[in-house]
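Let me begin by presenting the structure, written as structure tokens, before commenting on it.
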Amino acid sequence: MTIRRFRIDVQKLVIVGVLIIIMVVLSILTPKFLTYLNFNNVVMQVSLVMLAGSAVSLLMISGNIDLSIGSVLAFTGVMHAYMSKHWFPTGLSIFFTILLGGVFGLVNGLVVSKLKITSVIATLGAMYIARGLAFIIARADGGANITSGLPGNFEVLGRATVGPIPLHVLIVIAIVIVFIFIQTKTNLGRYAYVIGGNRVSAILSGVRVDAVLITLFVFVGLLTGFCGTILVSRIGSGVPRIGLGFEFDVIVAVVLGGTSIYGGEGSVFGMVIGALIVGFVANGLNLLDVQAFYQVVFKGLILVVAILIDRLIKEKLG
Amino acid sequence: MQIKIKTLTLQKLVILGILICIAIVFSFSTRNFFSQKNLLNVGKQVSFVVVTGAAVTLLMVSRHLDLSVGSTVALSGVISAMLAQGGVPTGYAFLLGTFIGLLVGAINAVLVVKLKITPLIATLGTMYMGRGITFIITDAKTIREGLPDNFTMLGRETLGPVPIPLIIMIIVIIIFIILERKTLLGKYSIAIGGNRTAAVLSGINADSVVMLLYMIVGLFAGLSGVMQASRLGVGEPNVGFGFEFDVIIAVILGGTSLAGGEGSVLGTLIGAFIVAVIGNGLNLLNVLSFYQSVVKGIVLVFAVLLDRKLKEWIKRR
Amino acid sequence: MDEKLIEIRNLSKYFPGVVALKDVSFDIFKNTVHCIVGENGAGKSTLIKILTGALKRSEGKIKYNGKEYEPHSTRDAMNAGMSVLFQELNVVDQLTVGQNLTLGVEKSRFGFIRKSDKAAQSSEVLKSMDPSISLNEQVLYLSVAQKQVIEITKAITSDANVIVMDEPTAALSEEETERLFEIIKGLKEKNVTVIYITHRLSEIFQIGDYVTVFRDGQMIGTRSVSELSYCRDEVESCAELIKMMLGKVVVEHYVASTVDYNNEVLELTDVSNNKLHDISFALYRGEILGFYGLVGSGKTEIVRVVYGLDESEGSIEIQGKMVQVKDPRTAIVKGISMVPEERRTEGLFTKLSIRENIPIMNMKTVSRYGIASKKKERQIARKYIDEVHIIARDEDQEVALLSGGNQQKVVVSKCLNAESAILLLDEPTRGIDVGAKEEIHNIIRQLSSEGASIIVFSSELPEIINLCDRIILLYDGKIKSEIKNGEDIDTERIMHIVTGGKGDIGAD
Numbered sequence: 033m034t035i036r037r038f039r040i041d042v043q044k045l046v047i048v049g050v051l052i053i054i055m056v057v058l059s060i061l062t063p064k065f066l067t068y069l070n071f072n073n074v075v076m077q078v079s080l081v082m083l084a085g086s087a088v089s090l091l092m093i094s095g096n097i098d099l100s101i102g103s104v105l106a107f108t109g110v111m112h113a114y115m116s117k118h119w120f121p122t123g124l125s126i127f128f129t130i131l132l133g134g135v136f137g138l139v140n141g142l143v144v145s146k147l148k149i150t151s152v153i154a155t156l157g158a159m160y161i162a163r164g165l166a167f168i169i170a171r172a173d174g175g176a177n178i179t180s181g182l183p184g185n186f187e188v189l190g191r192a193t194v195g196p197i198p199l200h201v202l203i204v205i206a207i208v209i210v211f212i213f214i215q216t217k218t219n220l221g222r223y224a225y226v227i228g229g230n231r232v233s234a235i236l237s238g239v240r241v242d243a244v245l246i247t248l249f250v251f252v253g254l255l256t257g258f259c260g261t262i263l264v265s266r267i268g269s270g271v272p273r274i275g276l277g278f279e280f281d282v283i284v285a286v287v288l289g290g291t292s293i294y295g296g297e298g299s300v301f302g303m304v305i306g307a308l309i310v311g312f313v314a315n316g317l318n319l320l321d322v323q324a325f326y327q328v329v330f331k332g333l334i335l336v337v338a339i340l341i342d343r344l345i346k347e348k349l350g
Numbered sequence: 663m664q665i666k667i668k669t670l671t672l673q674k675l676v677i678l679g680i681l682i683c684i685a686i687v688f689s690f691s692t693r694n695f696f697s698q699k700n701l702l703n704v705g706k707q708v709s710f711v712v713v714t715g716a717a718v719t720l721l722m723v724s725r726h727l728d729l730s731v732g733s734t735v736a737l738s739g740v741i742s743a744m745l746a747q748g749g750v751p752t753g754y755a756f757l758l759g760t761f762i763g764l765l766v767g768a769i770n771a772v773l774v775v776k777l778k779i780t781p782l783i784a785t786l787g788t789m790y791m792g793r794g795i796t797f798i799i800t801d802a803k804t805i806r807e808g809l810p811d812n813f814t815m816l817g818r819e820t821l822g823p824v825p826i827p828l829i830i831m832i833i834v835i836i837i838f839i840i841l842e843r844k845t846l847l848g849k850y851s852i853a854i855g856g857n858r859t860a861a862v863l864s865g866i867n868a869d870s871v872v873m874l875l876y877m878i879v880g881l882f883a884g885l886s887g888v889m890q891a892s893r894l895g896v897g898e899p900n901v902g903f904g905f906e907f908d909v910i911i912a913v914i915l916g917g918t919s920l921a922g923g924e925g926s927v928l929g930t931l932i933g934a935f936i937v938a939v940i941g942n943g944l945n946l947l948n949v950l951s952f953y954q955s956v957v958k959g960i961v962l963v964f965a966v967l968l969d970r971k972l973k974e975w976i977k978r979r
Numbered sequence: 028m029d030e031k032l033i034e035i036r037n038l039s040k041y042f043p044g045v046v047a048l049k050d051v052s053f054d055i056f057k058n059t060v061h062c063i064v065g066e067n068g069a070g071k072s073t074l075i076k077i078l079t080g081a082l083k084r085s086e087g088k089i090k091y092n093g094k095e096y097e098p099h100s101t102r103d104a105m106n107a108g109m110s111v112l113f114q115e116l117n118v119v120d121q122l123t124v125g126q127n128l129t130l131g132v133e134k135s136r137f138g139f140i141r142k143s144d145k146a147a148q149s150s151e152v153l154k155s156m157d158p159s160i161s162l163n164e165q166v167l168y169l170s171v172a173q174k175q176v177i178e179i180t181k182a183i184t185s186d187a188n189v190i191v192m193d194e195p196t197a198a199l200s201e202e203e204t205e206r207l208f209e210i211i212k213g214l215k216e217k218n219v220t221v222i223y224i225t226h227r228l229s230e231i232f233q234i235g236d237y238v239t240v241f242r243d244g245q246m247i248g249t250r251s252v253s254e255l256s257y258c259r260d261e262v263e264s265c266a267e268l269i270k271m272m273l274g275k276v277v278v279e280h281y282v283a284s285t286v287d288y289n290n291e292v293l294e295l296t297d298v299s300n301n302k303l304h305d306i307s308f309a310l311y312r313g314e315i316l317g318f319y320g321l322v323g324s325g326k327t328e329i330v331r332v333v334y335g336l337d338e339s340e341g342s343i344e345i346q347g348k349m350v351q352v353k354d355p356r357t358a359i360v361k362g363i364s365m366v367p368e369e370r371r372t373e374g375l376f377t378k379l380s381i382r383e384n385i386p387i388m389n390m391k392t393v394s395r396y397g398i399a400s401k402k403k404e405r406q407i408a409r410k411y412i413d414e415v416h417i418i419a420r421d422e423d424q425e426v427a428l429l430s431g432g433n434q435q436k437v438v439v440s441k442c443l444n445a446e447s448a449i450l451l452l453d454e455p456t457r458g459i460d461v462g463a464k465e466e467i468h469n470i471i472r473q474l475s476s477e478g479a480s481i482i483v484f485s486s487e488l489p490e491i492i493n494l495c496d497r498i499i500l501l502y503d504g505k506i507k508s509e510i511k512n513g514e515d516i517d518t519e520r521i522m523h524i525v526t527g528g529k530g531d532i533g534a535d
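Residue numbers (the working numbering), protein chains in the order written: chain A, 33 to 350; chain B, 663 to 979; chain C, 28 to 535.
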């Protein structure tokens, strides 16, 4: 067993341990925690974070970030509502919406790799463009939100269940598995690690850095588009105000899961655990009647603490 | 003989030129652009951005970021409103509100310098924490009741023909131009941003300087916040969304490079005007505010590109 | 007037596996220009780092002005009067000359900068050295030479007694070099001692009072310059100095490769850019070609052009066909791979394992349709671990934990896995222990016998002589000579040429 594997294992063990401890503490503190309904709630909340987080993990492993996903979520969601109301049958609309998200990702990828603008600024710009577009489309339909005139099957994606499990949760699980596969077993995953770990070495080793980064951004866009369709479907209307702070939730989950801000290490699996930790903490606070807004404060704290702990672990083992 | 123009001066001239062009375009396509009322409007909008932007300029010159200014604006605004509501004399309420901004700045300073967390994440964290606290203490409601009449004095009153926000802005600009050109703080910010190794080797305590910069940014964000609350006449937890973005665009358009080392407060002033003029012009043309969001995003990317191209061109001369 | 300023006694510095300095003892006298010469890795920079507080000595003593000297940081050293001019200039481009001169030592009240005597003093000093520099100019527009003058001025006005200059003329024109020498001569009168590191032997005779020669971490000898024979264009006059730098060069290991001189795999014609001048050479199948020259001679620049990292004029032909190598990916596709100079920052992915590093240049060998097979990765990793004798726990070990020699072997394995026809090696065994050095050299020989064509770029003469069939000598971005290796190779002449002597190719 090598040291690096040892350390990553330690990190994964630690966060799984933290998750278990949180669950145990919460189940002691409140009887409502260990119910099926509650777990269902948490999973539903957290599933979208995991969906986008799968692709964002890879992107952050490569040393880049995407601050626009919350806004792209809103934009694609509203577009889905608009398209399925005016132009296409629901299924086709979902398809095009996902593509639209991919287009956004493509533009982000091009701006970052070809125009050589840092991903922070580029996706900050995309964030405002997408948010603006979301409001514009909603307005174009007539009101602030697109609530009426949606097809009957609009809510299927977001609310259907397969037996006891919501449909979209199954989809999310499937996609997470796919991305774990990509991260661990494909060349693309390997390239993400090397670009994030040592960009100069990657270039000198002949890695097609531009192509890889564009692909990763496109993946983020596609999955964010998917998130958009699921969310508006669950809500039942196209609301441009959704997704505020979503990028933050995803980044926290990814960082908690062991991905360094600078890239070069991390895992999709870690992101899953990270998302669950944040989800359960938020859930627990809810059950304990702690106001929703404290959660935002809490999330900020968690992010800072996660980074500090990560550094502590590195220093202890380094 | 080679005419060696300081890179920054050239850039300022260019953006001033752009501003004038845009203003001319709008004055032809709309009716009221150059009316006194409209120009004052633009001025007022700009003042909030510039009061914070001047401080952010110095920070970005030292190669650091602060994404939390928007939430600081909201936080300080609602706190000053709550204090005034609770009976604290308005002047003191404003003072304390501004001071809250200083506190946020201090937190940022500790996170970035002492705990060595990268500025992006640290200030993203304080942004969310600040926003969260704002919503908590106001219960997500606007603070309206029981505010004294003089609560709007900062934001709506005038001194003669000039609105007070503009006066404050001018004072702040003068302060920061002095800081930039005549003090150690200004010089050290440039040194730290331009060549941190050289700065440290020359004996500069880079950590202290950066901490001070973050606190100053927080302080002036707080000031913007109370000015904004005073203008609105209420404590509104929903303000400031996108404010950090407006500030960053203004600063970058004004010539401050993301890589640090150069920048100017006057440039930020011009940059803020460009953004405000575009917004104002689009308003007058009855363009939806949401389109402005899109335009701003595009402007940001263009600003960064233009900045880089300009610098490369200058270097080649 | 020969008073001792610095006395170094039995100074040694050890790193894990490497002895950087061994038992070094010599004196530096006040108000002299003391030159330090030696090949790369000879110990010069380690000595300087210890003197300037960047490194701690392992053994020995240093006396400075009669007192024990042991700086704990670069700040300590600076406060004691020791200042350094590095090759990376420490000026802030965005500030003016005047602002740079007073950086960190401004006179101020309540934070406001006031005019100080220091400012007046430095501008006096500056004017005496280079009157063309005006205080209000932005440093960005100054030339490298002028920036150096600013750093020197700053050092003087901060009461430095010692200024260490590390290869200061590397980026200067002849005229600027002359000007620098005038300044240095003037420094002696200002009570400043200059420690001058160089590999350009003629310079030693122009400004040096003493010279110390380093080789393999040891101080070979210190002489007063007046004692040495004057170094002109002919080899013989530099003889003594060169002999000291070289020591005994043993030519035992060289074994000629089987070269197919009818098969030209690579040819450069008149390749030039702002660091290179009309580089032309050819590489044949099965050959090991060597490029030898000291720091700044253009070795790395040639590598960068062939590998697609820098632009250039002139033509590059592979197998007789003109090619445009626009980036490393293209180079690899066209059959060229490279072992870079800095293995940690350019050649490896330190957080990843051996198994994950090796196939990166040619993922086809371990993957199909983009999906990597861990089994194949292990196979390949084990194959190279065996072939190349990489010492590690197993193929999953993190590369950062390996020794320098084994890390380099991983980099070499990367290139082997790329199965290229042409292999470039930039300083392949720098900082590596003797055993691993031998092994890597054997790998290179093995490769060439299998038909690969290899170029070795090195600043270690023994390495070049032991490996290469043909040796091209570089100085100042130009090719000065081409030598065929053999028993009667004239190492002194080689050293003479790479330190600035007259070669036999092209104009000087």
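Ideal Cβ positions, reconstructed from N, Cα and C, are used throughout, including at glycine.
Here the structure is a predicted model, which means the values were calculated and not measured.
Same chain only: Cβ atoms within 7 Å of residue i, ignoring 5 sequence neighbours per side
i, result
"Glu-133(C)", "Ile-140 and Ser-143"
"Phe-208(C)", "Gln-233 and Ile-234"
"Thr-734(B)", "Gly-763, Val-766, Gly-792, Gly-880, Ala-883, Gly-884 and Gly-887"
"Gln-346(C)", "Val-292"
Pair within 7 Å by beta-carbon distance, residue i and residue j
i, j, result
"Glu-425(C)", "Ala-408(C)", "no"
"Val-286(A)", "Met-92(A)", "yes"
"Gly-478(C)", "Gly-313(C)", "yes"
"Gly-320(C)", "Lys-326(C)", "yes"
The beta strand (DSSP E) enclosing residue i, as first and last residue numbers
i, result
"Asn-37(C)", "31-42"
"Tyr-334(C)", "Where Tyr-334(C) is concerned, there is no enclosing beta strand (DSSP E), given that its DSSP letter is neither H nor E."
"Gly-289(A)", "First-last for Gly-289(A): undefined, no H or E at that position."
"Ala-309(C)", "306-312"
8 Å CB neighbourhood of residue i in its chain, flanking five on each side removed
i, result
"Ile-911(B)", "Gly-933, Val-937, Lys-958, Val-961, Leu-962 and Ala-965"
"Thr-249(C)", "Phe-53, Asp-54, Tyr-237, Val-238, Thr-239 and Val-240"
Separation of residue j from residue i, as counted between CA atoms
i, j, result
"Ile-854(B)", "Leu-846(B)", "12 Å"
"Pro-751(B)", "Leu-881(B)", "20 Å"
"Glu-414(C)", "Gln-434(C)", "15 Å"
"Met-156(C)", "Val-124(C)", "14 Å"
"Val-360(C)", "Ile-309(A)", "46 Å"
"Leu-675(B)", "Leu-681(B)", "10 Å"
Range covered by the alpha helix (DSSP H) that runs through residue i
i, result
"Leu-874(B)", "868-894"
"Lys-706(B)", "698-723"
"Thr-220(C)", "No alpha helix (DSSP H) contains Thr-220(C), which is instead part of the beta strand (DSSP E) from 220-224."
Helix, strand or coil at residue i [DSSP, three-state]
i, result
"Ser-150(C)", "helix"
Chain-ordered chain E contacts of residue i [CB-CB under 7 Å]
i, result
"Ala-399(C)", "In the structure shown, chain E cannot be found, because the protein chains are A, B and C."
6 Å Cβ shell around residue i - same chain, five flanking residues per side excluded
i, result
"Asn-315(A)", "Val-74"
"Gly-253(A)", "Gly-133, Gly-134, Phe-136 and Gly-137"
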